[in-house]
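A.B. asks: Chains as they are written, first to last, in full-length UniProt numbering: chain A, 1 to 335; chain B, 1 to 335; chain C, 1 to 335.
Ideal Cβ positions, reconstructed from N, Cα and C, are used throughout, including at glycine.
Let me begin by handing over the structure; questions about it come next.
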Amino acid sequence: MEWLMGFGSRFITQLQSPTLAFLIGGALIVAMGSRLSIPNSIYQFIIFLLLMRIGMKGGIEIRSAEIGEMLLPAVFSVAVGIIIVLLGTGFFSLLARVRWSDGTATAGLFGAVSSSTLAAAMVLLEEQAVFFEAWVPALYPFMDIPALILAIVLSKLGTEKAGTRTSASTRILDVIKESIQGPALSALVLGLALGIFARPESVLEGFYNPIFRGLLSVLMFILGMEAYSRIRELKQVAHWFALYALAAPILHGLIGFALGYVAHILAGFSPGGVVLLSVIAASNSDISGPPTLRAGIPSANPSTYIGASTSIGTPVAIGICIPLFVSLAEMVFGV
Amino acid sequence: MEWLMGFGSRFITQLQSPTLAFLIGGALIVAMGSRLSIPNSIYQFIIFLLLMRIGMKGGIEIRSAEIGEMLLPAVFSVAVGIIIVLLGTGFFSLLARVRWSDGTATAGLFGAVSSSTLAAAMVLLEEQAVFFEAWVPALYPFMDIPALILAIVLSKLGTEKAGTRTSASTRILDVIKESIQGPALSALVLGLALGIFARPESVLEGFYNPIFRGLLSVLMFILGMEAYSRIRELKQVAHWFALYALAAPILHGLIGFALGYVAHILAGFSPGGVVLLSVIAASNSDISGPPTLRAGIPSANPSTYIGASTSIGTPVAIGICIPLFVSLAEMVFGV
Amino acid sequence: MEWLMGFGSRFITQLQSPTLAFLIGGALIVAMGSRLSIPNSIYQFIIFLLLMRIGMKGGIEIRSAEIGEMLLPAVFSVAVGIIIVLLGTGFFSLLARVRWSDGTATAGLFGAVSSSTLAAAMVLLEEQAVFFEAWVPALYPFMDIPALILAIVLSKLGTEKAGTRTSASTRILDVIKESIQGPALSALVLGLALGIFARPESVLEGFYNPIFRGLLSVLMFILGMEAYSRIRELKQVAHWFALYALAAPILHGLIGFALGYVAHILAGFSPGGVVLLSVIAASNSDISGPPTLRAGIPSANPSTYIGASTSIGTPVAIGICIPLFVSLAEMVFGV
Numbered sequence: 001m002e003w004l005m006g007f008g009s010r011f012i013t014q015l016q017s018p019t020l021a022f023l024i025g026g027a028l029i030v031a032m033g034s035r036l037s038i039p040n041s042i043y044q045f046i047i048f049l050l051l052m053r054i055g056m057k058g059g060i061e062i063r064s065a066e067i068g069e070m071l072l073p074a075v076f077s078v079a080v081g082i083i084i085v086l087l088g089t090g091f092f093s094l095l096a097r098v099r100w101s102d103g104t105a106t107a108g109l110f111g112a113v114s115s116s117t118l119a120a121a122m123v124l125l126e127e128q129a130v131f132f133e134a135w136v137p138a139l140y141p142f143m144d145i146p147a148l149i150l151a152i153v154l155s156k157l158g159t160e161k162a163g164t165r166t167s168a169s170t171r172i173l174d175v176i177k178e179s180i181q182g183p184a185l186s187a188l189v190l191g192l193a194l195g196i197f198a199r200p201e202s203v204l205e206g207f208y209n210p211i212f213r214g215l216l217s218v219l220m221f222i223l224g225m226e227a228y229s230r231i232r233e234l235k236q237v238a239h240w241f242a243l244y245a246l247a248a249p250i251l252h253g254l255i256g257f258a259l260g261y262v263a264h265i266l267a268g269f270s271p272g273g274v275v276l277l278s279v280i281a282a283s284n285s286d287i288s289g290p291p292t293l294r295a296g297i298p299s300a301n302p303s304t305y306i307g308a309s310t311s312i313g314t315p316v317a318i319g320i321c322i323p324l325f326v327s328l329a330e331m332v333f334g335v
Numbered sequence: 001m002e003w004l005m006g007f008g009s010r011f012i013t014q015l016q017s018p019t020l021a022f023l024i025g026g027a028l029i030v031a032m033g034s035r036l037s038i039p040n041s042i043y044q045f046i047i048f049l050l051l052m053r054i055g056m057k058g059g060i061e062i063r064s065a066e067i068g069e070m071l072l073p074a075v076f077s078v079a080v081g082i083i084i085v086l087l088g089t090g091f092f093s094l095l096a097r098v099r100w101s102d103g104t105a106t107a108g109l110f111g112a113v114s115s116s117t118l119a120a121a122m123v124l125l126e127e128q129a130v131f132f133e134a135w136v137p138a139l140y141p142f143m144d145i146p147a148l149i150l151a152i153v154l155s156k157l158g159t160e161k162a163g164t165r166t167s168a169s170t171r172i173l174d175v176i177k178e179s180i181q182g183p184a185l186s187a188l189v190l191g192l193a194l195g196i197f198a199r200p201e202s203v204l205e206g207f208y209n210p211i212f213r214g215l216l217s218v219l220m221f222i223l224g225m226e227a228y229s230r231i232r233e234l235k236q237v238a239h240w241f242a243l244y245a246l247a248a249p250i251l252h253g254l255i256g257f258a259l260g261y262v263a264h265i266l267a268g269f270s271p272g273g274v275v276l277l278s279v280i281a282a283s284n285s286d287i288s289g290p291p292t293l294r295a296g297i298p299s300a301n302p303s304t305y306i307g308a309s310t311s312i313g314t315p316v317a318i319g320i321c322i323p324l325f326v327s328l329a330e331m332v333f334g335v
Numbered sequence: 001m002e003w004l005m006g007f008g009s010r011f012i013t014q015l016q017s018p019t020l021a022f023l024i025g026g027a028l029i030v031a032m033g034s035r036l037s038i039p040n041s042i043y044q045f046i047i048f049l050l051l052m053r054i055g056m057k058g059g060i061e062i063r064s065a066e067i068g069e070m071l072l073p074a075v076f077s078v079a080v081g082i083i084i085v086l087l088g089t090g091f092f093s094l095l096a097r098v099r100w101s102d103g104t105a106t107a108g109l110f111g112a113v114s115s116s117t118l119a120a121a122m123v124l125l126e127e128q129a130v131f132f133e134a135w136v137p138a139l140y141p142f143m144d145i146p147a148l149i150l151a152i153v154l155s156k157l158g159t160e161k162a163g164t165r166t167s168a169s170t171r172i173l174d175v176i177k178e179s180i181q182g183p184a185l186s187a188l189v190l191g192l193a194l195g196i197f198a199r200p201e202s203v204l205e206g207f208y209n210p211i212f213r214g215l216l217s218v219l220m221f222i223l224g225m226e227a228y229s230r231i232r233e234l235k236q237v238a239h240w241f242a243l244y245a246l247a248a249p250i251l252h253g254l255i256g257f258a259l260g261y262v263a264h265i266l267a268g269f270s271p272g273g274v275v276l277l278s279v280i281a282a283s284n285s286d287i288s289g290p291p292t293l294r295a296g297i298p299s300a301n302p303s304t305y306i307g308a309s310t311s312i313g314t315p316v317a318i319g320i321c322i323p324l325f326v327s328l329a330e331m332v333f334g335v
């Protein structure tokens with residue numbers, strides 16, 4: 001009962017957070033028939049700024065990470081990201097009524113990482129004085145970025161399935177190339193490269209970080225507008241997305257836990273690190289996912305992936321998965 | 001004589017303030033035949049950001065206000081805002097040469113509130129150790145927003161007067177609905193709703209507030225450009241706007257003082273509060289008004305309302321009305 | 001050898017700086033065939049904000065300068081800016097394969113000033129306890145802005161050479177007028193006027209300064225994209241630009257030193273001031289130049305002027321000219 005109330009209050013706080021409030025606001029604006037709109041050139045520029053920042057931040061974390069020590073967990077993070085997207089795409093492809101692009105986008109979003117969920121877990125572990133390696137938070141881009149790239153590539157592969165006749169491997173390479181040439185992945189990969197090879201810290205601190213939350217609020221508003229106008233598409237499939245959003249974080253967290261346990265045995269990865277890897281796997285992105293997927297899979301309906309993630313996926317990840325994996329670690333490692 | 005000099009130096013400082021300097025700059029750019037322009041998509045986005053911020057700020061002040069205690073002054077604030085717009089619209093409608101949209105926009109701007117004028121009065125009262133309730137500044141959105149909405153609705157009603165045939169009440173409801181569906185009021189009302197029902201403080205502090213003054217300077221520049229190119233329209237009516245801008249703040253302040261006095265008798269509203277309500281009524285907006293009216297009444301000539309307010313209305317409100325109502329309070333309440 | 005290594009490490013640091021890294025990033029994006037682009041309306045607005053800020057900053061420095069005392073050095077700064085642009089334009093006009101607009105733009109960029117080079121020299125002098133007048137840094141707009149204006153005017157004069165028939169003096173006045181009416185110089189001159197006559201400090205600190213580096217990074221990205229797509233034009237002339245970029249800073253610094261010496265004799269200009277004037281003359285702009293020239297001479301190929309300045313000119317100015325003029329001052333003044 002207490003759990004349920006905690007879940008409920010978390011749900012309401014979530015609704016009041018700027019991110020979700022702007023999303024709802026965008027939907028209401030369309031619902032009331034407003035003529036308000038955000039010009040397309042502005043939308044394109046916002047996407048550019050958001051993705052450059054996401055890429056640069058990830059790149060800097062990778063550059064400053066102790067690659068040697070974190071090699072195995074990093075490889076496992078990439079693997080978890082790929083597994084999540086493949087599993088999700090497979091699941092949705094079984095459902096005849098779910099559109100291919102909506103399935104890949106949702107799987108991509110659940111493969112991507114929520115830094116606020118991660119932060120919540122870190123705070124909890126610190127409060128309980130559970131040790132974890134300082135580089136663990138730097139694992140997130142290793143799961144986040146491959147998952148988003150794979151989702152976009154899969155989305156393109158699926159939509160082009162019918163027409164082409166060339167050999168599969170040529171086509172896959174072409175699609176990967178074409179995906180990376182798209183505006184979304186170009187900006188993300190460029191940002192990543194700048195973060196790894198250049199020193200963009202000053203301009204990141206002075207410009208890209210301060211405007212990030214604000215521009216994200218505008219993007220959420222735009223996504224809310226689009227989500228409402230396409231909500232009808234969702235009618236006959238909404239329950240499948242709800243089911244996925246409920247079960248996927250727990251399943252993904254368990255995969256993360258299992259691979260983390262292997263890293264514990266093979267390379268002495270700390271129990272606290274295993275918990276955090278599980279939470280990274282369980283989390284679904286409220287930050288990097290929406291802008292990347294909106295620009296990378298423009299045909300996907302934002303009601304599906306954003307709806308699934310923000311209304312159910314994130315509360316499950318925070319409210320159920322964090323306590324679950326902490327308890328599991330206590331059982332397994334006796335922390 | 002000293003008063004006159006004080007007024008003069010206040011006038012020059014006002015001219016040098018970023019807001020007015022950018023307005024003049026925009027006019028000069030057109031005067032010198034420059035090909036500089038601000039793209040329309042940028043203008044639309046600036047309006048969106050400014051109005052969302054104005055709405056959210058008002059909403060947060062309303063949310064955190066002690067509604068019970070401030071109920072009567074709040075109702076009176078709404079009333080003053082409505083009376084000012086009706087009076088102003090009535091006055092300008094008597095003048096055959098003044099265009100309807102210019103009259104309603106100017107009345108709306110004088111009904112709206114200048115937070116810097118309000119701040120000047122608060123500083124003065126604090127210096128003189130005159131008590132006022134902490135929630136008095138939160139009265140401003142109660143006057144500001146109804147006045148702007150009413151001005152836009154009246155403007156639409158007037159321009160559609162000729163064509164339609166439906167019953168008056170249907171038409172008014174339609175016009176209110178249509179006004180609120182316009183980009184300006186949609187953003188303002190949405191911001192207000194977010195401020196009241198969500199928790200947008202973090203994104204407001206981190207993004208909308210820091211960029212506000214800067215974007216306002218760009219808007220002022222745009223308005224200056226437009227004002228100069230339409231200055232010819234003003235020739236035969238400029239004296240009426242000047243007369244209005246001179247007399248209206250004093251009259252509006254007296255209305256505010258009278259209703260404030262009623263609240264003092266009925267609900268113990270403090271004498272300091274009565275002074276501030278008068279100043280809120282006397283002030284005319286340099287902040288919320290221009291973006292709202294420019295987007296909400298696009299046919300109005302900014303030379304009229306901005307010219308009337310910034311060149312005469314605001315100096316009168318600060319230089320004449322503040323000392324006037326402080327003295328009046330001394331006489332009436334013996335403060 | 002040590003010098004060479006110092007030069008090399010300075011070159012690599014330069015490549016990693018946000019400014020240059022974004023330039024290279026833009027080139028890479030085009031090289032990999034990306035469909036990423038920055039909408040033109042965004043580009044126009046960024047140019048507007050950057051040039052307003054550059055103008056306002058220069059204007060404020062001029063306003064707060066002690067004009068009486070610095071009169072002669074200021075006049076000499078204007079003279080140096082003009083001489084540099086005339087010399088550079090003359091040099092490039094001798095080379096048949098170099099396009100007129102590329103020559104004037106490059107000369108303009110080398111006449112403009114790099115505030116980071118100037119800051120490096122000031123730090124060095126302060127470390128060595130060499131005195132210079134506090135207003136010396138305020139000399140930079142006196143060289144920077146005339147050089148950029150002259151380059152744009154010369155560029156227009158050259159391209160219109162063929163068609164027109166009117167008398168030379170009329171044409172020059174027309175071209176100056178038309179240049180100042182262009183978007184780039186309009187914004188620059190307006191910013192300058194606001195800086196001198198208004199009080200834009202608050203909005204400069206609160207908005208234009210914080211976003212400056214960030215928007216500059218976006219502009220550099222755009223310039224990198226354009227530079228790459230036009231790199232082929234450069235093939236047969238690149239060595240001339242490289243030669244110019246190597247020799248010009250040293251020559252310009254010597255001109256600055258000579259005029260500074262005259263000011264020392266005539267008006268007691270300090271030896272430290274003479275060094276700084278030389279460095280201001282030797283430096284080439286990474287800040288004010290690119291946005292002004294990109295918008296003012298749109299036909300010029302950014303690969304030429306940006307390439308010449310950032311890859312060779314700036315390392316020469318910092319790595320060779322600063323130590324050179326400090327040593328020269330020791331010899332001449334016995335500091």
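Check the Cβ of Y208(A) against every Cβ in chain C and list those closer than 9 angstroms, keeping chain order.
C.D. replies: The residue labelled residue 208(A) in the question sits at position 208 within the first sequence. The answer, in chain order, is G214, S217.
A.B. asks: Taking P183(A) as the query, report the chain C residues whose CB atoms sit under 7 angstroms from its CB, ordered along the chain.
C.D. replies: As a first step, residue 183(A) must be located in the first sequence, where it is residue number 183. Going along chain C in sequence order, the residues near P183(A) (Cβ under 7 angstroms) are R35, L36.
A.B. asks: Please tell me whether L28(A) has its Cβ less than 8 angstroms away from any Cβ of chain B.
C.D. replies: Sequence index remark: in the first sequence, residue 28(A) carries index 28 (1-based). Chain B contact via Cβ: present.
A.B. asks: Does the Cβ of S169(C) have 16 or more other Cβ atoms within 10 Å, making it buried, or fewer, making it exposed?
C.D. replies: Here residue 169(C) refers to the residue found at position 169 when the third sequence is read from its first residue. With fewer than 16 other Cβ atoms within 10 Å, it is exposed.
A.B. asks: Quick check: is the beta carbon of Q236(B) nearer than 8 angstroms to any beta carbon in chain A?
C.D. replies: As a position in the second sequence, residue 236(B) is number 236, starting the count at 1. It does not; no Cβ of chain A falls within 8 angstroms.
A.B. asks: Determine the closest residue to V332(A) out of P291(A), H264(A), N284(A), with distance taken between C-alpha atoms.
C.D. replies: For the purposes of this step, residue 332(A) is taken as the residue at position 332 of the first sequence. Per the Cα distances, H264(A).
A.B. asks: If we call anything under 8 angstroms between Cβ atoms a contact, is G158(B) one with W100(B)?
C.D. replies: By 1-based counting over the second sequence, the position of residue 158(B) is 158. By 1-based counting over the second sequence, the position of residue 100(B) is 100. For G158(B) and W100(B), yes; Cβs fall inside 8 angstroms.
A.B. asks: Classify P298(C) as helix, strand or coil using the three-state DSSP reduction.
C.D. replies: Mapped onto the third sequence, residue 298(C) falls at position 298. P298(C) falls in the coil class under three-state DSSP.
A.B. asks: Could you work out which residues of chain B lie near P291(A), taking near to mean beta carbons separated by less than 8 angstroms?
C.D. replies: Looking up residue 291(A) in the first sequence gives position 291. Within chain B, no residue comes near P291(A); the closest Cβ sits about 16 angstroms away, beyond 8 angstroms.
A.B. asks: Closest to G224(A) by C-alpha separation, out of S17(A), Q16(A), L28(A), would be which residue?
C.D. replies: Position 224 of the first sequence, counted from the start, is the residue given in the question as residue 224(A). The option with the nearest alpha carbon to G224(A) is L28(A).
A.B. asks: Using a beta-carbon distance below 8 angstroms, is V153(B) in contact with chain A?
C.D. replies: Along the second sequence, read from residue 1 onward, the residue named residue 153(B) stands at position 153. Answer no: the Cβ-Cβ gap between V153(B) and chain A never drops below 8 angstroms.
A.B. asks: Quick check: is the beta carbon of R199(A) nearer than 8 angstroms to any beta carbon in chain C?
C.D. replies: Taking the first sequence and counting its residues from 1, one reaches residue 199(A) at position 199. True, the Cβ-Cβ gap to chain C drops below 8 angstroms.
A.B. asks: Enumerate in chain order the residues of its own chain whose CB-to-CB distance from L154(C) is below 6 angstroms, with the five nearest sequence positions on each side excluded.
C.D. replies: Locating residue 154(C) in the third sequence gives position 154, where the first residue counts as 1. Excluding positions up to five away in sequence, the list reads T89, T104.
A.B. asks: Comparing the C-beta of P323(A) with each C-beta of chain B, is any distance below 8 angstroms?
C.D. replies: Locating residue 323(A) in the first sequence gives position 323, where the first residue counts as 1. No, no contact with chain B.
A.B. asks: Just the chain C side, please: which residues come within less than 9 angstroms of S186(A) by C-beta, in chain order?
C.D. replies: Here residue 186(A) refers to the residue found at position 186 when the first sequence is read from its first residue. Going along chain C in sequence order, the residues near S186(A) (Cβ under 9 angstroms) are I29, M32, S34, R35, L36.
A.B. asks: Alpha carbons only, please: which of G206(A), I211(A), L109(A) is nearest the one belonging to S202(B)?
C.D. replies: Numbered from 1 along the second sequence, position 202 holds the residue referred to as residue 202(B). Among G206(A), I211(A), L109(A), the Cα nearest to that of S202(B) is on I211(A).
A.B. asks: Would you say L194(B) lies against chain A (beta-carbon separation less than 8 angstroms)?
C.D. replies: Position 194 of the second sequence holds residue 194(B). At least one chain A Cβ lies under 8 angstroms of L194(B).
A.B. asks: Which ranges would you report for the alpha helix (DSSP H) in the segment 253-304 of chain C if only whole runs of at least 4 residues count?
C.D. replies: Correct list: 271-282, 289-296.
A.B. asks: Any idea what DSSP makes of I38(C), helix, strand or coil?
C.D. replies: For the purposes of this step, residue 38(C) is taken as residue 38 along the third sequence, with counting starting at 1. Reduced to three states, the DSSP call for I38(C) is coil.
A.B. asks: Less than 8 angstroms between CB atoms is the rule here; does L190(B) satisfy it with respect to chain A?
C.D. replies: In the second sequence, residue 190(B) corresponds to position 190, counting from 1. With 8 angstroms as the cut-off, L190(B) counts as an interface residue toward chain A.
A.B. asks: State the Cα-Cα distance for the pair D286(C) and T310(C), rounded to the nearest angstrom.
C.D. replies: Looking up residue 286(C) in the third sequence gives position 286. Looking up residue 310(C) in the third sequence gives position 310. One C-alpha to the other measures close to 7 angstroms.
A.B. asks: So, helix, strand or coil for residue 415(B), using DSSP?
C.D. replies: Nothing in the structure corresponds to residue 415(B), since chain B is present only between 1 and 335.
A.B. asks: How would you list, in chain order, the residues of chain B whose beta-carbon sits under 9 angstroms from the beta-carbon of I306(A)?
C.D. replies: On the first sequence, residue 306(A) is found 306 positions in, with the first residue counted as 1. In chain order: nothing, as chain B lies at least about 17 angstroms away.
A.B. asks: For I196(B), I'd like the list of residues in its chain whose CB is within less than 7 angstroms of its CB, leaving aside the five on either flank, ordered along the chain.
C.D. replies: Along the second sequence, read from residue 1 onward, the residue named residue 196(B) stands at position 196. G59, I62, R63.
A.B. asks: What residues of chain A sit near Q16(C), judged by a beta carbon separation below 7 angstroms?
C.D. replies: Taking the third sequence and counting its residues from 1, one reaches residue 16(C) at position 16. Correct list: A198, R199.
A.B. asks: Exposed or buried, which one is R232(A) when buried takes at least 16 other CB atoms within 10 Å?
C.D. replies: Residue mapping note: residue 232(A) aligns to position 232 of the first sequence, counting from 1. Result: exposed.
A.B. asks: So with Cβ pairs under 8 angstroms, would you call S41(C) a contact of chain B?
C.D. replies: Along the third sequence, one-based indexing puts residue 41(C) at 41. True, the Cβ-Cβ gap to chain B drops below 8 angstroms.
A.B. asks: Going by beta-carbon coordinates alone, are P73(C) and G206(C) separated by less than 8 angstroms?
C.D. replies: In the third sequence, counting from the first residue as 1, residue 73(C) sits at position 73. In the third sequence, counting from the first residue as 1, residue 206(C) sits at position 206. It is not a contact, given that the beta carbons lie outside the stated cut-off.
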